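To start, the structure itself, in structure tokens.
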Amino acid sequence: MEFVTGQAPDMAAARRLYDDAGWISYTSDMDTLERALRSSLYLVCAYEEGELCGLLRAVGDGCTILYIQDILVMHDHRRKGIGRTMVKMLMEAYPNVRQRVLMTDETPEMHGFYESLGFYPCQQVGLTAFYYIGGEP
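Residues are numbered in our numbering as their position in the sequence shown, beginning at 1, plus a constant of 1.
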């Protein structure tokens, strides 16, 4: 497994990865996805034999907050430590950032994965999360 940081993947490969995850809202506008990937504060791609099989991108200021925006691993490559390695690489790249946050699906699998990396659901630590998407309030 090879991990490459700071370099956007081939966009056809990115499309396959995002489509594999079912994130078709991203692949419906590939120009925007490409700009997003290139504008990320941190980007790491996982390759096996030259094939893109995982990607993590983070946004933020790199000083006080990191937000894991996307973390994807191809279905047939899951449970091999790829996601864990990419998260650890991000944490090692920004060891002094106090707030490291993400939003994910509400499933036992996601809870188990992120809790094993030291993340906690907001409710457990007395926080709440708010979400706003598009349109006027």
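Every residue gets a Cβ at the ideal spot worked out from N, C-alpha and C, and that includes glycine.
Nothing here was measured: the structure is a model prediction, and the numbers come from that model.
### Task
Quick one: give me the first and last residue of the alpha helix (DSSP H) that Ile25 is part of.
25-28
### Query
Where does the unbroken alpha helix (DSSP H) through Tyr19 begin, and where does it stop?
12-22
### Reference Tyr133, options Leu53, Leu67, Met104, Asp11, closest by Cα
Checked all of Leu53, Leu67, Met104, Asp11; the closest Cα to Tyr133 is Met104.
### Query
Secondary structure at Phe114, three-state DSSP: helix, strand or coil?
helix
### Query
Relative to the alpha-carbon of Asp106, which residue among Ala22, Pro10, Arg16, Arg99 has its alpha-carbon at the smallest distance?
Ala22
### Message
Quick check on DSSP: helix, strand or coil for Val88?
### Response
helix
### Query
By DSSP, does Asp62 sit in helix, in strand, or in coil?
Coil at Asp62, not helix or strand.
### Message
Which residue marks the beginning of the beta strand (DSSP E) containing Leu103, and which one marks its end?
### Response
100-103
#### Entry: As assigned by DSSP and simplified to three states, the class of Thr6
strand
### Query
In angstroms, rounded to a whole number, what distance separates the CA positions of Leu67 and Arg16?
24 Å
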